[in-house]
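Residue numbers for the sequence shown follow this note's numbering, so the first one is 3 and each next one is one higher. Note that beta-carbon positions come from the ideal geometry of N, C-alpha and C, so glycine has one too. Keep in mind the model is a prediction, meaning the values are calculated, not measured.
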Amino acid sequence: MQKVRRLPLHHACNVRDLGGYAIDEHCMSSWHMLYRSDSLEKLDEHDWQYLANCNIKWIIDLRSDSEQQQMGYDAAAHGMTKVSLPFMKEDKSPKELLDDEAREQFMESMKLKYDEMIEDVPEQIIKVFDVIANALSRHEAVLFHCTAGKDRTGMLSVLLLSLIGVDRYDILADYQVSATYNTLGVNQMLPKELMQVPQIRALFESTPDMMEPLLDKLETSGGCEAYLLSIGVSKESLEIIKEHFITSR
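Structure (C-alpha coordinates):
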(Lines of atoms letter the chains of each structure in order from A; the text may use other names.)
(Lines give C-alpha, C1' and ligand atoms only; values in the text may rest on other atoms or scores of the structure.)
Protein backbone atom coordinates (compact mmCIF):
# COMPACT_ATOMS: atom_id res chain seq x y z
CA MET A 3 0.00 0.00 0.00
CA GLN A 4 1.30 3.45 -0.91
CA LYS A 5 2.51 5.65 1.95
CA VAL A 6 0.59 8.94 1.87
CA ARG A 7 0.61 11.48 4.71
CA ARG A 8 -2.61 13.37 3.86
CA LEU A 9 -5.28 11.23 2.26
CA PRO A 10 -6.68 12.61 -1.04
CA LEU A 11 -10.36 12.56 -0.09
CA HIS A 12 -12.97 14.67 -1.88
CA HIS A 13 -14.91 15.83 1.17
CA ALA A 14 -12.54 15.86 4.15
CA CYS A 15 -9.36 17.91 4.09
CA ASN A 16 -7.50 17.01 7.29
CA VAL A 17 -7.26 13.20 7.14
CA ARG A 18 -3.73 12.02 7.84
CA ASP A 19 -1.75 8.84 8.45
CA LEU A 20 0.28 9.00 11.67
CA GLY A 21 2.94 6.70 10.26
CA GLY A 22 6.49 7.61 9.27
CA TYR A 23 7.55 9.70 12.27
CA ALA A 24 11.07 8.88 13.46
CA ILE A 25 11.49 7.51 16.98
CA ASP A 26 15.23 6.88 16.80
CA GLU A 27 17.76 5.85 14.16
CA HIS A 28 16.19 2.41 13.95
CA CYS A 29 12.43 2.84 14.49
CA MET A 30 9.49 4.97 13.38
CA SER A 31 5.71 5.05 13.76
CA SER A 32 3.98 2.44 11.61
CA TRP A 33 2.14 3.45 8.46
CA HIS A 34 -1.44 2.32 7.80
CA MET A 35 -2.35 1.77 11.46
CA LEU A 36 -3.68 5.02 12.93
CA TYR A 37 -5.33 7.90 11.11
CA ARG A 38 -6.42 11.30 12.41
CA SER A 39 -9.21 13.21 10.72
CA ASP A 40 -11.71 16.01 10.62
CA SER A 41 -15.43 15.22 10.37
CA LEU A 42 -16.65 12.52 7.98
CA GLU A 43 -20.31 13.38 7.43
CA LYS A 44 -19.76 14.77 3.92
CA LEU A 45 -17.77 11.85 2.53
CA ASP A 46 -18.92 10.40 -0.79
CA GLU A 47 -18.64 6.80 -1.96
CA HIS A 48 -15.16 7.41 -3.38
CA ASP A 49 -13.98 8.67 0.01
CA TRP A 50 -15.48 5.78 1.96
CA GLN A 51 -13.96 3.29 -0.45
CA TYR A 52 -10.57 4.95 -0.05
CA LEU A 53 -10.81 4.54 3.72
CA ALA A 54 -11.88 0.92 3.31
CA ASN A 55 -8.86 0.31 1.08
CA CYS A 56 -6.71 1.60 3.94
CA ASN A 57 -8.01 -1.30 6.05
CA ILE A 58 -9.81 1.11 8.38
CA LYS A 59 -12.26 -1.02 10.36
CA TRP A 60 -12.79 1.21 13.38
CA ILE A 61 -13.80 4.86 13.67
CA ILE A 62 -13.58 6.66 17.02
CA ASP A 63 -15.81 9.75 17.08
CA LEU A 64 -14.54 12.26 19.65
CA ARG A 65 -17.29 14.81 18.97
CA SER A 66 -20.02 15.78 21.44
CA ASP A 67 -23.37 14.00 21.32
CA SER A 68 -25.06 17.00 19.71
CA GLU A 69 -22.38 17.26 17.01
CA GLN A 70 -22.84 13.59 16.21
CA GLN A 71 -26.60 14.00 15.97
CA GLN A 72 -26.42 17.09 13.76
CA MET A 73 -23.59 15.85 11.55
CA GLY A 74 -23.94 12.08 11.52
CA TYR A 75 -22.85 9.37 9.08
CA ASP A 76 -23.33 5.62 8.69
CA ALA A 77 -20.00 3.88 9.24
CA ALA A 78 -21.63 0.45 9.41
CA ALA A 79 -22.87 0.82 5.83
CA HIS A 80 -19.21 0.85 4.80
CA GLY A 81 -18.13 -2.11 6.93
CA MET A 82 -16.70 -0.05 9.77
CA THR A 83 -17.48 0.00 13.48
CA LYS A 84 -18.04 3.46 14.95
CA VAL A 85 -17.31 4.05 18.64
CA SER A 86 -18.62 7.25 20.22
CA LEU A 87 -16.31 8.67 22.90
CA PRO A 88 -16.91 12.43 23.30
CA PHE A 89 -13.73 14.20 24.37
CA MET A 90 -15.25 17.55 25.28
CA LYS A 91 -18.38 19.37 26.42
CA GLU A 92 -21.11 20.35 23.98
CA ASP A 93 -19.96 22.66 21.19
CA LYS A 94 -21.73 25.50 19.46
CA SER A 95 -22.36 25.40 15.75
CA PRO A 96 -20.88 28.13 13.53
CA LYS A 97 -24.32 29.72 13.09
CA GLU A 98 -25.00 29.68 16.82
CA LEU A 99 -21.77 31.57 17.38
CA LEU A 100 -23.29 34.60 15.68
CA ASP A 101 -25.37 35.05 18.82
CA ASP A 102 -23.43 37.24 21.26
CA GLU A 103 -24.28 35.20 24.36
CA ALA A 104 -23.47 31.87 22.69
CA ARG A 105 -20.21 33.32 21.41
CA GLU A 106 -19.23 34.43 24.91
CA GLN A 107 -20.00 31.00 26.36
CA PHE A 108 -18.01 29.30 23.60
CA MET A 109 -14.98 31.53 24.04
CA GLU A 110 -15.08 31.02 27.80
CA SER A 111 -15.16 27.24 27.39
CA MET A 112 -12.25 27.33 24.94
CA LYS A 113 -10.06 29.13 27.47
CA LEU A 114 -9.45 25.69 28.91
CA LYS A 115 -6.04 24.54 27.79
CA TYR A 116 -5.36 21.09 26.40
CA ASP A 117 -3.48 20.08 29.54
CA GLU A 118 -6.60 20.92 31.57
CA MET A 119 -9.11 19.54 29.08
CA ILE A 120 -7.47 16.12 29.14
CA GLU A 121 -8.08 15.84 32.88
CA ASP A 122 -11.84 15.91 32.24
CA VAL A 123 -11.93 12.75 30.11
CA PRO A 124 -9.92 9.95 31.81
CA GLU A 125 -12.64 7.35 31.25
CA GLN A 126 -12.84 8.20 27.55
CA ILE A 127 -9.06 7.97 27.23
CA ILE A 128 -9.06 4.52 28.85
CA LYS A 129 -11.75 3.33 26.44
CA VAL A 130 -10.01 4.88 23.42
CA PHE A 131 -6.78 3.05 24.18
CA ASP A 132 -8.66 -0.21 24.73
CA VAL A 133 -10.41 0.16 21.36
CA ILE A 134 -7.16 0.98 19.57
CA ALA A 135 -5.31 -1.91 21.22
CA ASN A 136 -8.09 -4.33 20.30
CA ALA A 137 -8.08 -3.16 16.68
CA LEU A 138 -4.31 -3.22 16.23
CA SER A 139 -4.10 -6.69 17.76
CA ARG A 140 -6.34 -7.80 14.88
CA HIS A 141 -4.18 -5.89 12.39
CA GLU A 142 -7.10 -3.53 11.70
CA ALA A 143 -6.57 0.21 11.24
CA VAL A 144 -8.28 2.90 13.31
CA LEU A 145 -9.38 6.40 12.32
CA PHE A 146 -10.24 8.90 15.08
CA HIS A 147 -11.73 12.31 14.50
CA CYS A 148 -13.57 15.34 15.84
CA THR A 149 -15.00 18.22 13.79
CA ALA A 150 -11.88 20.08 12.66
CA GLY A 151 -9.39 17.31 13.41
CA LYS A 152 -7.40 19.78 15.49
CA ASP A 153 -8.23 20.01 19.20
CA ARG A 154 -9.66 16.72 20.48
CA THR A 155 -8.03 14.79 17.67
CA GLY A 156 -4.82 16.70 18.33
CA MET A 157 -4.79 15.74 22.00
CA LEU A 158 -5.21 12.04 21.20
CA SER A 159 -2.52 12.25 18.52
CA VAL A 160 -0.13 13.76 21.07
CA LEU A 161 -0.79 10.89 23.48
CA LEU A 162 -0.25 8.22 20.83
CA LEU A 163 2.89 9.74 19.33
CA SER A 164 4.35 10.55 22.75
CA LEU A 165 3.68 7.01 23.94
CA ILE A 166 5.94 5.51 21.28
CA GLY A 167 8.67 8.13 21.67
CA VAL A 168 8.22 10.42 18.66
CA ASP A 169 10.25 13.63 19.02
CA ARG A 170 8.47 16.59 20.61
CA TYR A 171 9.08 18.82 17.58
CA ASP A 172 7.63 16.29 15.16
CA ILE A 173 4.55 16.03 17.40
CA LEU A 174 4.16 19.81 17.37
CA ALA A 175 4.62 19.91 13.60
CA ASP A 176 1.91 17.27 13.20
CA TYR A 177 -0.41 19.49 15.25
CA GLN A 178 0.48 22.74 13.49
CA VAL A 179 -0.49 21.64 9.99
CA SER A 180 -4.19 21.36 10.91
CA ALA A 181 -4.66 25.12 10.65
CA THR A 182 -3.33 25.05 7.08
CA TYR A 183 -5.51 22.17 5.92
CA ASN A 184 -8.61 23.50 7.65
CA THR A 185 -8.60 26.61 5.48
CA LEU A 186 -9.89 24.17 2.86
CA GLY A 187 -12.57 22.71 5.10
CA VAL A 188 -14.14 23.56 8.44
CA ASN A 189 -13.06 27.21 8.34
CA GLN A 190 -15.18 27.72 5.23
CA MET A 191 -18.27 26.71 7.24
CA LEU A 192 -17.85 29.77 9.43
CA PRO A 193 -19.61 33.01 8.54
CA LYS A 194 -17.13 35.61 7.32
CA GLU A 195 -18.27 38.10 9.95
CA LEU A 196 -17.42 35.59 12.65
CA MET A 197 -13.89 35.11 11.38
CA GLN A 198 -13.45 38.89 11.58
CA VAL A 199 -13.46 38.55 15.39
CA PRO A 200 -9.78 38.15 16.39
CA GLN A 201 -10.57 36.04 19.46
CA ILE A 202 -12.66 33.63 17.38
CA ARG A 203 -10.12 33.48 14.56
CA ALA A 204 -7.39 32.63 17.08
CA LEU A 205 -9.34 29.55 18.18
CA PHE A 206 -8.90 28.04 14.73
CA GLU A 207 -5.13 28.39 14.74
CA SER A 208 -2.80 25.56 15.76
CA THR A 209 0.41 27.16 16.97
CA PRO A 210 3.00 25.21 19.02
CA ASP A 211 2.36 27.22 22.19
CA MET A 212 -1.19 25.84 22.27
CA MET A 213 -0.05 22.21 22.55
CA GLU A 214 3.22 22.62 24.45
CA PRO A 215 1.56 22.71 27.91
CA LEU A 216 0.14 19.22 27.32
CA LEU A 217 3.56 17.90 26.30
CA ASP A 218 5.05 19.57 29.39
CA LYS A 219 2.38 17.91 31.54
CA LEU A 220 3.29 14.49 30.17
CA GLU A 221 6.99 15.09 30.83
CA THR A 222 6.44 16.22 34.42
CA SER A 223 4.25 13.14 34.96
CA GLY A 224 7.21 10.90 34.20
CA GLY A 225 6.42 10.49 30.52
CA CYS A 226 3.32 9.68 28.52
CA GLU A 227 3.17 6.02 29.50
CA ALA A 228 3.41 6.85 33.20
CA TYR A 229 0.64 9.41 32.82
CA LEU A 230 -1.66 7.00 30.98
CA LEU A 231 -1.06 4.27 33.56
CA SER A 232 -1.82 6.76 36.35
CA ILE A 233 -5.29 7.48 34.96
CA GLY A 234 -6.14 3.82 34.51
CA VAL A 235 -5.10 2.81 31.00
CA SER A 236 -4.02 -0.84 31.15
CA LYS A 237 -0.39 -1.84 30.69
CA GLU A 238 -1.59 -4.54 28.29
CA SER A 239 -3.26 -2.00 25.98
CA LEU A 240 -0.16 0.18 25.94
CA GLU A 241 2.11 -2.75 25.13
CA ILE A 242 -0.14 -3.88 22.27
CA ILE A 243 -0.23 -0.38 20.80
CA LYS A 244 3.55 -0.03 21.02
CA GLU A 245 4.04 -3.45 19.45
CA HIS A 246 1.98 -2.55 16.39
CA PHE A 247 2.54 1.22 16.13
CA ILE A 248 6.35 0.97 16.15
CA THR A 249 8.21 -0.45 13.16
CA SER A 250 11.77 -0.52 11.85
CA ARG A 251 12.93 2.25 9.52
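Give the DSSP-derived three-state secondary structure of residue i in the structure shown.
i, result
"D63", "strand"
"S159", "helix"
"V79", "As written in the sequence, residue 79 is Ala, which differs from the Val given in the question. In the structure shown, A79 sits in a helix (DSSP, three-state: H, G or I)."
"K237", "helix"
"T222", "helix"
"S208", "coil"
"K129", "helix"
"K5", "coil"
"K244", "helix"
Applying the 10 Å Cβ sphere with the 16-neighbour rule, what's the burial state of residue i?
i, result
"V77", "The question names Val, but residue 77 is Ala in the sequence shown. By the neighbour-count rule (16 or more Cβ atoms within 10 Å), A77 is buried."
"E227", "buried"
"E207", "exposed"
"A54", "exposed"
"Y177", "buried"
"R251", "exposed"
"R8", "exposed"
"S86", "exposed"
Please look up how many angstroms separate the CB atoms of residue i and residue j, rounded, as I've assumed it's under 8 angstroms.
i, j, result
"S39", "N57", "That pair is no contact at about 15 angstroms."
"L64", "F146", "6 angstroms"
"F131", "L240", "7 angstroms"
"L161", "I243", "Actually they are not in contact, since the Cβ atoms of L161 and I243 sit about 10 angstroms apart, beyond 8 angstroms."
"T222", "C29", "Not confirmed; about 25 angstroms, so no contact."
"P259", "L174", "Given that the chain is displayed from residue 3 to residue 251, the structure contains no residue 259 and the question cannot be resolved."
"H246", "L138", "4 angstroms"
"L68", "M90", "The question names Leu, but residue 68 in the sequence shown is Ser. Not quite, the Cβ-Cβ distance comes to about 11 angstroms (not below 8 angstroms), so this is no contact."
Three CB pairs or more closer than 8 angstroms across the stretch 170-188 and the stretch 75-87: no
Completely contained beta strand (DSSP E) runs for the stretch 8-72, where each covers 3 or more residues: 29-31, 36-39, 58-63
Stretch-stretch touch, CB-based, cutoff 8 angstroms, three pairs: the stretch 118-130 with the stretch 222-237: yes
Alpha helix (DSSP H) segments (min. 4 residues) lying fully within the stretch 131-181: 154-165
Any 3 or more C-beta pairs closer than 8 angstroms across the stretch 3-10 and the stretch 148-160: no
Touch test, the stretch 41-48 against the stretch 7-15, Cβ-Cβ under 8 angstroms, three pairs minimum: Yes: at least three Cβ pairs fall under 8 angstroms.
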